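Everything on this sheet refers to the single structure shown next.
Number of protein chains: 2
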Amino acid sequence: MAAATAFSRDGFDGVAVDDIARAAGVNKAMLYYHFGSKQDLYREVVRDMLRAVGGAVAAIARSDAPAPAKVERFIQAVADLRESRPWFPPLMLREMSAGGPRLDPDTLVLMKAVFAAFAAILEAGSAARDFRRVNPVLAYMTIMGPLMMNAVRERAAAEPGRAHLPMFAAVDRHELVTHMQQTALRMLTKDRSR
Amino acid sequence: MAAATAFSRDGFDGVAVDDIARAAGVNKAMLYYHFGSKQDLYREVVRDMLRAVGGAVAAIARSDAPAPAKVERFIQAVADLRESRPWFPPLMLREMSAGGPRLDPDTLVLMKAVFAAFAAILEAGSAARDFRRVNPVLAYMTIMGPLMMNAVRERAAAEPGRAHLPMFAAVDRHELVTHMQQTALRMLTKDRSR
DNA sequence: GTCTATAAATAGATAGAC
DNA sequence: GTCTATCTATTTATAGAC
C-alpha cells in the first residue's frame, strides 16, 4: 500500500493526499471516493497492519510449542512482519509518540489482541515453570522496543551520509533475531541454562 | 521549551508555528526573528535534547565505577532525562521513524557522542571481563528501545478511554528502571550471578 | 467509477509600524 | 525587539463532467 509507506515516512500530517494518490497511480478524488477522508485512509492502514501482527502472534500463542519456543517464534514473526510491511515499526512508533490520537476503539481492539497473545505466552511459560514472573507490559516493551527501534534506526541509516557513523552500522537480520531471542530468554528464565 | 512539547506530540509537520508562539506567550514574528525558520527552531530543540543526553551519558562513561554499575547508572540517567524532558523519547523516535531528514551534520555529531559514550562503557566492561562481547548497536537498541517505547506507551495511555487496557497499564518508574537494569546485565554478563 | 477544476481553510514566512 | 496585518503556497475536500 502506497499510503502506508508515505504515512510511515512522513507522518499523518507530513503527507499530502495528492502525493499518496500519485504514488498509488490514481488521483485524489479516487481516494476520497473509496476511503472518505484522509483520516479514514490512515486508519485502514493501521488496522491492516495490526490485523497482520495480531494474526501472526495469535497463531503462535495458540500453538502447542513450549513457551520458550513460542517467545523465539514471536520475535522471529515480528522481525518477519517488519520485512513484509516495512511501515510497521515507524507507523507504530509515530502513532504512539503522538499519544495515539487516531486510534479509535475498533483499532484499539486490534492492538489489545496483539498484547493479549503475547501475555498468554508469558502466562503459559510461568505456569510451566519455564519463566519467572515478569510484568508482562515490561516484557513486551523489552522485546518490542528494540525490534521497533532498530527498524527505524535502519531507516535513518539508509539516508545518504550516515553509513560511516558507528550507531548506523548495518546489523544482520539473523544476528538481530538471535540476539533478541537470547536476551528475551535471559530476561524470562529463572536458571542459567541458556 | 514549548516548542519541544508541541513537536514531540504532533510532529514537525503537525505543529503550526502560530501554536508554538501562542504556547510560548509570544507571537509568530518573534519566533522567526529569533530562530529564522521553523526548521531551525526544530533543530535547536533536538540539539538541546541531545546535548543533555550526551552530557549525562559521557559523565557516566568517564567515571571510574565498575562497568556494570555504569550500565545501571546509564539506564537511570535515561529514565531521569525522560522525566526532565518529556519530549525526549517521542521526539527521538519520530525523527528516526522519518529517517532523520532534519538531522544535519552538527546534530549527528551530538547523536554520535551519545552512542560513543555507551559503547565505551561496554568496552570497559569487556576489557574487565565483566561483560561478554555483544554487538554494541544491538546492546544500545536493547536498552534504549524499551525505555523509549515505554515512554511513548505511557503517553498513549494517558489519553482518555485507555486506562482499562492491559497494555496501557501504569508501570512504576522504579520498577521500570530496576527491570531494565536487570535485563541489561543479564544480556551483558557471561554468568547469571545477578 | 474515474477524472478535472476549484472551493475553502490553513500554514510558513515577511513587510512594516512602533 | 515586538507586534499586526498580509502575502503566497499548499492542503483537504468536493462539485460536477464523462
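Line order of the protein sequences matches chains A and B. When the count follows the working numbering, it moves up by one through the first sequence with no breaks and lands on 183 for the last residue. When the count follows the working numbering, it moves up by one through the second sequence with no breaks and lands on 183 for the last residue. Ideal Cβ placement from N, Cα and C applies to all residues, glycine included. All of these numbers come straight from a predicted model, not from anything done at the bench.
Strictly below 7 Å CB to CB, what residues from chain B border residue i?
i              : result
residue 101(A) : 154 and 156
residue 162(A) : Per Cβ cutoff of 7 Å: no residues; residue 162(A) is ~12 Å from chain B at best.
If contacts are defined as beta-carbon pairs under 8 Å, then residue i and residue j qualify, I think. What distance do you get, rounded to the angstrom?
i              : j              : result
residue 106(B) : residue 46(B)  : 4 Å
residue 173(A) : residue 119(A) : With 8 Å as the limit, residue 173(A) and residue 119(A) do not qualify as a contact, their Cβ atoms being about 12 Å apart.
residue 124(B) : residue 143(A) : In fact, because the Cβ distance is near 14 Å, the residues do not count as touching under 8 Å.
residue 148(B) : residue 150(A) : Not really, about 37 Å apart at Cβ, beyond 8 Å.
residue 80(A)  : residue -3(A)  : 4 Å
residue 49(B)  : residue 132(B) : That belief does not hold up - the Cβ atoms of residue 49(B) and residue 132(B) are roughly 13 Å apart, past 8 Å.
residue 191(B) : residue 98(B)  : No answer is possible for residue 191(B): it lies beyond the span of chain B, which begins at -10 and ends at 183.
residue 101(B) : residue 154(A) : 6 Å
residue 40(A)  : residue 91(A)  : Actually they do not touch by this definition, with Cβ atoms about 16 Å apart.
residue 86(B)  : residue 141(A) : 5 Å
Name the DSSP bridge partner or partners of residue i?
i              : result
residue 120(A) : 178(A)
Could you tell me which chain A residues have their CB closer than 8 Å to the CB of residue i, listed as they occur along the chain?
i              : result
residue -3(B)  : 86
residue 43(B)  : Ordered by position in chain A, no residue passes the 8 Å Cβ test against residue 43(B), which lies about 12 Å from the chain.
residue 168(B) : 123, 124, 127 and 131
residue 40(B)  : Chain A residues near residue 40(B): none, gap ~17 Å exceeds 8 Å.
residue 172(B) : 131, 172, 175 and 176
For residue i, return the contacting residues in chain A, with the cut-off set at a CB-CB distance below 7 Å.
i              : result
residue 61(B)  : By Cβ distance, chain A contributes nothing, its closest Cβ being about 16 Å from residue 61(B), past 7 Å.
residue 142(B) : 85 and 130
In chain A, which residues lie less than 9 Å from residue i when you measure between Cβ atoms?
i              : result
residue -10(B) : Those within 9 Å of residue -10(B) in chain A number zero; the least Cβ separation is about 17 Å.
Going along chain B in order, which residues have a C-beta closer than 8 Å to the C-beta of residue i?
i              : result
residue 147(A) : 88
Going along chain B in order, which residues have a C-beta closer than 9 Å to the C-beta of residue i?
i             : result
residue 46(A) : The premise fails here: residue 46(A) is roughly 13 Å from chain B at the closest Cβ pair, so nothing lies under 9 Å.
Contact residues within the stretch 82 to 95 of chain A, judged by C-beta distance below 9 Å to chain B: Flagged, chain order: 82, 83, 84, 85, 86, 87, 88, 89, 90, 92 and 94.
Residues of the stretch 108 to 134 of chain B with Cβ closer than 8 Å to any Cβ of chain A, in chain order: Within the stretch 108 to 134 of chain B, the residues whose Cβ lies closer than 8 Å to some Cβ of chain A are 108, 123, 124, 125, 126, 127, 129, 130, 131, 133 and 134, listed in chain order.
Complete runs of the alpha helix (DSSP H) confined to the stretch 7 to 85 of chain A [at least 4 residues]: The qualifying runs are 17 to 24, 27 to 51 and 56 to 73.
Selection of the stretch 6 to 38 of chain A by Cβ proximity to chain B, strictly under 8 Å: Those residues of the stretch 6 to 38 of chain A that come within reach of chain B (Cβ to Cβ, closer than 8 Å) do not exist; the list is empty.
Where the stretch 51 to 80 of chain B meets chain A: residues whose CB sits under 9 Å from a CB there: Closer than 9 Å at the C-beta level to chain A, one finds these residues of the stretch 51 to 80 of chain B: 78, 79 and 80.
Alpha helix (DSSP H) runs contained entirely in the stretch 94 to 171 of chain A, provided each spans 4 or more residues: Counting whole runs of 4 or more residues, the stretch 94 to 171 of chain A contains the alpha helix (DSSP H) stretches 94 to 116 and 125 to 146.
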